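J.: Numbering-wise (the numbering used here), the sequence shown opens with residue 89 and increments by one. By construction, the Cβ of each residue, glycine as well, lies at the ideal position given by its N, Cα and C atoms. If you're wondering where the values come from, they're calculated on a predicted model, not measured in any experiment. Provided herewith is a single structure, encoded as structure tokens, for subsequent inquiry.
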Amino acid sequence: SLGGSIYIVWSVLSAREKRGSIYHRLMLGLSVSDILSSHIYFLGTWLIPRGSSGPFGDVYMAFGTFETCQYSGFFNQLAIASPLYNVSLSIYYFLHIQRSWKENALKKVEPAFHIIPLLFAFGTAITAAVGEMYGNVFWTCWINPDPPQPYFQYFQWSFLFGPVWVCILIQLSVMVTLWWTMRKQERLISRKYELKAPTTATIPAETNGTRVRANRRKRQSINDEGKYSSRIAVQGSLYVLVFCITWFFPTVQRISELANGQNYFAIQALDTTLLPLQGFFNVLIYMRPKYTTYRRKYPDLTVGTILKIIHDPKEERKVVSEFRSMHTRARDQGRSTTGEFDFDGQPNIPEEMESGNIADGGTESNKTNKSEESKDIKMIESKDTRKPTKTSNTRTETASDTERDVEMETDTPTTVRRIDMVGRIQS
89 SLGGSIYIVW SVLSAREKRG SIYHRLMLGL SVSDILSSHI YFLGTWLIPR
139 GSSGPFGDVY MAFGTFETCQ YSGFFNQLAI ASPLYNVSLS IYYFLHIQRS
189 WKENALKKVE PAFHIIPLLF AFGTAITAAV GEMYGNVFWT CWINPDPPQP
239 YFQYFQWSFL FGPVWVCILI QLSVMVTLWW TMRKQERLIS RKYELKAPTT
289 ATIPAETNGT RVRANRRKRQ SINDEGKYSS RIAVQGSLYV LVFCITWFFP
339 TVQRISELAN GQNYFAIQAL DTTLLPLQGF FNVLIYMRPK YTTYRRKYPD
389 LTVGTILKII HDPKEERKVV SEFRSMHTRA RDQGRSTTGE FDFDGQPNIP
439 EEMESGNIAD GGTESNKTNK SEESKDIKMI ESKDTRKPTK TSNTRTETAS
489 DTERDVEMET DTPTTVRRID MVGRIQS
């Protein structure tokens with residue numbers, strides 16, 4: 089979680105275009121608030137006062153003091169900023185998609201997206217610190233004074249869990265509204281721009297074809313816009329889903345304490361495992377649009393190579409060229425690179441290739457294969473010297489058709505597509 093949030097912060101601050109985007113600034117605020125609480129999750133029981141105990145016995149590895157417990161409790165309460173930032177993100181999606189607000193209009197309300205989460209988080213954290221409410225809650229420190237006071241559960245629910253579930257309800261309502269809007273829009277597009285069979289009996293063929301093509305272009309344009317809005321809605325829904333998953337078990341644990349006065353180890357384990365992972369899930373969702381785009385663009389690249397492009401988009405051409413070059417060289421040597429990749433996604437190259445054998449023509453077997461390939465090409469070319477026979481029902485084979493067949497033997501995807509297109513035009 090800590091690493092994922094740090095990556096998002098670095099990604100936004102290092103790119104000027106991201107710093108100018110409201111969405112990325114909201115992700116920056118969400119990630120910073122997650123960092124403030126995630127480092128406490130990492131320190132865990134180390135900050136709990138030595139000798140503390142809980143419902144499962146003595147607290148494991150409790151090396152802290154009263155002061156370290158107060159420090160831990162303060163930053164644990166700041167974690168409420170993350171749910172509030174998630175609400176800000178959901179409202180941003182709602183205004184952008186449902187209300188069709190432009191960037192300039194959204195900038196007018198953007199300060200509220202940041203002020204409300206930060207003001208509530210720091211206000212409640214400072215209030216609990218001044219009231220000396222922080223104490224041991226068995227795996228970290230939070231609102232649980234020692235000795236216990238009858239009022240502390242009310243502060244737990246009013247400072248954290250009550251607002252968290254209000255945030256969950258708001259986000260679910262926004263996402264359901266967005267999904268309903270997208271579904272309704274897709275139905276309207278399908279009805280309004282459904283293409284019907286041409287009525288050539290009443291409309292000239294040329295005019296009818298022009299209308300059909302114009303209708304298709306218009307429908308395609310609206311469909312593209314609808315797909316863009318749908319992708320944004322999916323992205324927002326994933327953030328809401330992660331938020332609900334990470335905060336579900338902490339809430340169940342508090343309800344169990346309030347109803348039965350008991351803690352269950354299984355729920356506690358899920359609580360302490362999933363809650364700190366929110367930043368990790370967020371960075372996966374944050375990188376998802378770029379990853380899917382590059383995956384569709386370069387289906388032959390490995391995950392590691394695509395991540396390198398995402399990390400430095402300016403080096404896209406260089407990274408792709410290097411990967412395909414080494415992959416082709418390895419294939420020409422008869423060595424499959426499937427499953428043989430370095431940690432950075434680059435294929436491992438055999439030692440004989442790195443030693444320079446390729447420049448000298450490769451191994452004897454490779455030379456034999458090349459000579460056989462050249463013989464096959466010459467045989468195909470020799471067929472073109474024969475005079476073509478013209479018939480009424482068959483197409484004359486031209487030199488370009490033969491050239492297309494020869495080029496397809498090279499297994500170069502770009503060349504195959506180009507030559508194939510030329511062949512179709514000539515035919």
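So if DSSP puts ASN224 in a beta bridge, which residue, or which two residues, is it bridged to?
T.: CYS229, per the DSSP bridge assignment.
J.: List the residues that DSSP assigns as beta-bridge partners of SER141.
T.: Answer is ASP146, bridged to SER141.
J.: So, LEU118 versus TYR173, is the Cβ gap smaller than 8 Å?
T.: Cβ distance < 8 Å, so LEU118 and TYR173 count as in contact.
J.: Roughly how many whole angstroms lie between the Cα atoms of ARG505 and LYS385?
T.: The predicted model places ARG505 with a pLDDT of 43, which falls under 50 and marks its position as unreliable; any figure quoted below should be read in that light. Cα to Cα, the separation comes out at about 15 Å.
J.: How far does the alpha helix (DSSP H) with TRP98 in it reach, from first residue to last?
T.: Looking at the DSSP string, the run of the alpha helix (DSSP H) that includes TRP98 is 90-101.
J.: Quick check on GLY349: does DSSP put it in helix, strand or coil?
T.: Here GLY349 sits in coil by DSSP.
J.: Return helix, strand or coil for ARG132, following the three-state DSSP convention.
T.: Looking at the sequence provided, one finds Gly at residue 132 rather than Arg. Correct three-state label for GLY132: helix.
J.: Going by CA-CA distance only, name the one from ILE373, GLY250 and GLN241 that's closest to SER325.
T.: If we check each option's Cα against that of SER325, ILE373 comes out closest.
J.: So, do the stretch 92-112 and the stretch 145-154 have three or more beta carbon pairs nearer to each other than 8 Å?
T.: The stretch 92-112, when compared against the stretch 145-154, does not touch it at the 8 Å Cβ threshold.
J.: Report buried or exposed for VAL175, applying the criterion of at least 16 other Cβ atoms within 10 angstroms of its Cβ.
T.: With 16 or more Cβ atoms within 10 Å of its Cβ, VAL175 is classed as buried.
J.: Using the three-state DSSP reduction, which class does GLY219 fall into: helix, strand or coil?
T.: Residue state, collapsed to three classes: coil.
J.: Taking the beta carbon of LYS350 as the centre, do at least 16 other beta carbons fall within 10 Å, making it buried, or is it exposed?
T.: In the sequence as presented, Lys is not what sits at residue 350; that position holds Gln. GLN350 should be labelled exposed.
J.: In terms of alpha-carbon separation, which member of MET270, TYR242 and ALA321 lies closest to GLN259?
T.: Looking at the Cα atoms, ALA321 is the closest of the given residues.
J.: Given a threshold of 16 other Cβ atoms within 10 Å of its Cβ, counted over all protein chains shown, does SER160 qualify as buried or as exposed?
T.: Label assigned to SER160: buried.
J.: I need the straight-line Cα distance from ALA217 to GLN341, nearest angstrom please.
T.: Going from the Cα of ALA217 to the Cα of GLN341 covers about 23 Å.
J.: So is ALA289 buried or exposed if we call it buried at 16+ other beta carbons inside 10 Å?
T.: Unreliable placement is indicated for ALA289, whose pLDDT of 47 sits below 50; no coordinate value is reported for it.
J.: Once DSSP output is grouped into helix, strand and coil, what is the label at GLY250?
T.: In this structure, GLY250 counts as helix in the three-state DSSP scheme.
J.: Excluding the 5 residues flanking TRP36 on each side, which residues of the same chain have their C-beta closer than 8 Å to its C-beta?
T.: Residue 36 is absent from the model: the chain starts at 89 and stops at 515.
J.: Within the continuous alpha helix (DSSP H) that includes GLY367, where are the two ends?
T.: 366-385 is the extent of the alpha helix (DSSP H) around GLY367.
J.: DSSP three-state label for GLY532, please.
T.: An answer regarding residue 532 cannot be provided, because it is not within the stretch 89 to 515 covered by the chain.
J.: Let me know if GLY152 comes out buried or exposed under the rule of 16 or more other beta-carbons within 10 Å of its beta-carbon.
T.: Per the 10 Å Cβ criterion, buried.
J.: Report buried or exposed for THR364, applying the criterion of at least 16 other Cβ atoms within 10 angstroms of its Cβ.
T.: It should be noted that the sequence gives Pro, not Thr, for residue 364. Label assigned to PRO364: buried.
J.: Answer with buried or exposed for VAL407, where buried requires no fewer than 16 other C-beta atoms within 10 angstroms of its C-beta.
T.: Looking at its Cβ environment, which holds 16 or more other Cβ atoms inside 10 Å, VAL407 is buried.
J.: Thinking C-alpha only, which one of GLY132, GLN241 and TRP134 is nearest ALA347?
T.: Ranking GLY132, GLN241 and TRP134 by Cα distance to ALA347 puts GLN241 first.
J.: Rounded to whole angstroms, what's the CA-CA distance from LYS195 to HIS202? Just pull it up for me.
T.: Those two C-alpha atoms are separated by around 12 Å.
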